[in-house]
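Input: a single structure, listed below in structure tokens.
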Amino acid sequence: MSSVTIPPQFEVVDRPLDTQMTISMGPQHPSTHGVLRLELVLDGEMVVKVTPDIGYLHTGMEKLFEYKKYQQGIVITDRMDYLNPLGNNLAYCMAAEKLLGLEIPERAQTIRVLMCELQRIGSHLVWLGTHALDIGAMTVFFYCFREREKILNLIEAASGGRLTPSYFRIGGLMMDLPAGFERRCKQFLDAFPNAVDEFHTLLSGNRIFQKRTQGIGRISAEDAIDWGLSGPCLRGSGVNLDIRRANPYCGYENYDFEVPTEPDGDVWARYMVRMREMKESHKISLQALSRLKPGPVKADAPKVVLPDREAMKSHMDALIHHFLIVAEGFDVPAGEVYHPIEASKGELGVYMRSDGGPKPSRVHFRGPSFVNLSALPAMSEGEMVADIVAIIGSLDIVLGEIDR
Amino acid sequence: MEITPIPGSEAAAPSPLVAALQREHPEWVTDVIVAFGEITIVVPREHLVAACLFLKIWPESRFDFLADICGADRGVEEDPRFEVNYHLFSTTKHHRLRLKVVLSEEDTHVPTVTGVWRTANWHERETFDLFGVIFDGHPDLRRILLPEDWQGHALRKDFPLRGYEPYSLK
Amino acid sequence: MGLENIIADALPEVLTTRLDSLVNWARKSSLWPATFGLACCAIEMMNATSSRNDLARFGAEVFRASPRQADVMIVSGRVSRKMAPVLRRIYDQMPEPKWVISMGACATSGGVFDNYAIVQGVDKVVPVDVYIPGCPPRPEMLIHAVMMLQEKVEKESVRDRRDVPEEEAREAVPPGTLPVTDGSTALKEALGSRPYTIASRHERRRSS
């Protein structure tokens, strides 16, 4: 064609790569959201097979529960899904309360709902910040963490811990909300919708973000149910399932909120579901805040629930109960329960089995991220390597929950 | 320790679902426990896959979602020692059920339900890893949480909490 | 062969205070961490870099993903037995001078998790310079730890650091076969007794 003759040893051949590469992504990787290792078999840039390799954060928590009394186990649950510790606490406490047959007072239930929804917003903010960071939008990371600091302030005011609050107890709460909490919470919630709109302005209209997320990582509704997906991953495929509506707990049937679903099943759909969920959580938090009425925050079960400090210092029976609960624990009737809640990542279920003693015989956490990650091969085979990062981000996995 | 069912629960008011299942396939239902608002059916191991497939398709139940597979060790001196619990959920009817398979220490084989729900794959690997229950027919039964060369099964009651030796890089 | 080796070999008796302060000032003001966030402490580390507690003002501007470009490894979170060889490998890939901050109770001593799965303290795997208690430690504590590390870096001398002997570095080391470290740095064994722990500023205030 041209006047240049190419010498024979530089003959151009058009031959695609006929060998496949196996590379290991992780466990130390900035975009795997924790210590996750993926074995990718690549044909050029296209992923032929992906095999997640987990266990790099296995902590043996389930074995540790069997050696600790029930109330001591609450502290360990914080460290499981460390972006949604109040959700873990809630699931564990409610499972134990189901075994004990405790009746939780209304104020405690309302505060539980409020704190869980605030925690859900906080978890989604971290998801958004890291997901956007992986896709390339660094500003959103800082904005999200700025909003999250306000939530962490509120949680710290109530419980003393930013990331590991352990605020709920078997039978109610650790203690009542501090003075001024409701005013500060209302202040945060009033300013929050503007922040969500800011994120939409930065991301949703951005053509680069749209191109990187629309049509990527599709999974159909039947496949999603078969793979056990739950939470926003399932709702992003069009299945209208929310444990707060299906098996309500903590009085959720009395709150007015929508369950957002999107039909497409791709990364963009899951993103939109979570953004809308933040607005719904905001709605629920405002309702919960307006329903707060004075009342007790601990159940009336002196052998299970620690008495108030003033009562302990002045009444003999309260002192004895306090001593026995702390030193020996309380006996839980024999039996087994499975209690699921809607955590920020999906269906968090606790299977608790008791032999009648003060320590559980088996505690198993069904972590939603564990199951969501098992569907990663189904979503990502055939996509490009760069899309794997976007898909992992959209699954919103937390390795603490996967590996326990 | 045996889980004592509420006295007279089977006779008194079994759920309509369990009653219908007992009518259709009585050999699948070894025992029914109704406690704490939950229904547990103890299924013999050989009928497990058939029961799961039936429960998934049967219009009365439609358990299309396998929420969890959880192993448990009843204790070193118990017989049967191990149990495997299957937590089923229906996305349309929103009801839940637990199937339980009990295993003795010598024979810890259970047929896999990966053909019924694909999500069982990782759950069964985890139960194998932590308890040593072998799932026959599983496509890829290997350890998932503990390192590949780990000896022993960590969540068994005779495995010590701190393991057998402290960590060293050697 | 780095600057330090050349100076130490060529001019064994010369004091290098001016050069020391210049080099140490440069090193401490640009400690770039390697991303080694493992668990909950990683989220607090991310909080420390976000806009409220800004770690970048102290020089830790970018968290480099590749260990070959990083100075300090902040081990934040619990180290499981499966992860420990990986941790050692990443540490070995970092070029000298390098430091390690062990953030949180789990990295320092195993934390709440005294069981079969967690290494009881990351100093069984890598030598640690600064330990931070807490579960998780507040971001301000991480910033204080970085400042303590900066004080420690200030006290170093250009003559101290030695590269790892070439043969050892070149050998391909499969994970799990490295010798046990007992918390001492490589140079301590080489030089003997130069003290490498400094009292915290508060302790000094109390004693003076």
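Protein chains in written order, with my numbering: chain A, 1 to 404; chain B, 1001 to 1170; chain C, 2001 to 2208. Backbone N, C-alpha and C fix where the C-beta goes; we use that ideal spot for every residue, glycine too. Predicted model, so just to flag it, every value in this text is computed and none were measured.
Excluding the five sequence neighbours on either side, which residues of its own chain have a C-beta within less than 7 Å of the C-beta of residue i, listed in chain order?
i	result
LEU90(A)	ARG112, CYS116, PHE168, ILE341
HIS364(A)	GLU62, TYR351
MET1(A)	Low confidence applies to MET1(A): its pLDDT is 45, below 50, so where it sits in the model is not reliable, and the reading given next is rough at best. Here the set comprises nothing.
GLY2077(C)	GLY2037, LEU2038, ALA2039, CYS2040, CYS2041, ALA2042, GLY2104, CYS2106, ALA2107
MET2141(C)	ILE2132, GLY2134
GLU1077(B)	none
ALA96(A)	TYR70, ILE170, VAL332, MET352
Can you find a CB in chain C that lies within less than 9 Å of the CB of residue i?
i	result
LEU1146(B)	yes
ILE402(A)	no
SER2(A)	At SER2(A) the pLDDT is 49, less than 50, meaning the model places this residue with poor confidence and gives no usable figure here.
PRO1016(B)	no
ILE388(A)	no
Taking all protein chains shown into account, do 16 or more other C-beta atoms lie within 10 angstroms of the C-beta of residue i, making it buried, or fewer, making it exposed?
i	result
ASP300(A)	exposed
ILE208(A)	exposed
PRO1007(B)	In this prediction, PRO1007(B) has a pLDDT of 41, which is less than 50 and means its spatial position is unreliable; what the coordinates show is noted afterwards. Under this definition PRO1007(B) is an exposed residue.
GLY101(A)	exposed
HIS131(A)	buried
LEU324(A)	exposed
ASP242(A)	buried
ASP2129(C)	buried
TYR1164(B)	exposed
VAL2153(C)	buried
ALA327(A)	exposed
LYS211(A)	exposed
THR201(A)	exposed
LEU1145(B)	buried
LEU40(A)	buried
ARG2088(C)	buried
GLU2167(C)	For GLU2167(C), the pLDDT reaches just 45, beneath the cut-off of 50, and the residue's location in the model is therefore unreliable, although a value from the coordinates is still provided. Burial call: exposed.
LEU405(A)	Summary: the structure shown does not reach residue 405(A), with chain A confined to residues 1 through 404, and so no result is reported for it.
SER2021(C)	exposed
ASN2024(C)	buried
GLY26(A)	buried
If you measure from the beta carbon of residue i to each beta carbon in chain A, is any gap under 9 Å?
i	result
ASP1073(B)	yes
SER2021(C)	no
CYS1052(B)	no
PHE2063(C)	yes
ARG1143(B)	yes
Given residue i, which residues of its chain have a CB within under 6 Å of its CB, disregarding the five upstream and five downstream residues?
i	result
MET278(A)	ILE121, HIS124, VAL196
HIS315(A)	none
ARG366(A)	GLY349
SER281(A)	GLU117, ARG120, ILE121
THR1040(B)	ILE1033, ARG1098, LYS1100
TRP1117(B)	LEU1066
GLN1022(B)	VAL1029
With a threshold of 9 Å between beta carbons, is residue i in contact with chain E?
i	result
VAL2100(C)	Of the protein chains in this structure, namely A, B and C, none is chain E.
From the DSSP output, read off the bridge partner residues of residue i.
i	result
THR51(A)	GLU39(A)
SER281(A)	DSSP, once it has assigned bridges, lists no residue as partnering SER281(A).
TYR1086(B)	ILE1069(B), LEU1099(B)
LEU173(A)	PHE168(A)
ARG366(A)	GLY349(A)
Does any C-beta atom of chain B lie closer than 9 Å to the C-beta of residue i?
i	result
VAL2119(C)	yes
GLU280(A)	no
ALA246(A)	yes
ASP2054(C)	no
PRO340(A)	yes
Take residue i and list the residues in its own chain whose beta-carbon comes closer than 8 Å to its own, dropping the five residues that flank it on each side.
i	result
GLN109(A)	CYS250, GLY251
ALA1120(B)	LEU1066, ILE1069, THR1112, VAL1113, THR1114
Nearest to residue i by CA position, among the options, is which residue?
i	options	result
MET2073(C)	ARG2081(C), GLU2154(C), PRO2097(C), MET2141(C)	PRO2097(C)
THR164(A)	ILE2132(C), ILE2143(C), TYR2131(C), GLY2104(C)	GLY2104(C)
ALA318(A)	PRO302(A), TYR92(A), TYR67(A)	PRO302(A)
THR22(A)	HIS33(A), VAL50(A), LEU36(A), HIS29(A)	VAL50(A)
GLY205(A)	SER374(A), MET272(A), LYS345(A), GLY34(A)	MET272(A)
TYR2131(C)	TYR2116(C), GLU2140(C), GLU2061(C), ALA2145(C)	ALA2145(C)
LEU114(A)	LEU286(A), SER394(A), GLU156(A), GLU381(A)	LEU286(A)
ILE397(A)	MET25(A), MET46(A), GLU222(A), VAL126(A)	VAL126(A)
PHE2113(C)	THR77(A), GLY136(A), PHE145(A)	THR77(A)
PHE1089(B)	GLN1151(B), CYS1052(B), GLY1152(B)	CYS1052(B)
ARG270(A)	PRO294(A), SER220(A), ALA311(A)	SER220(A)
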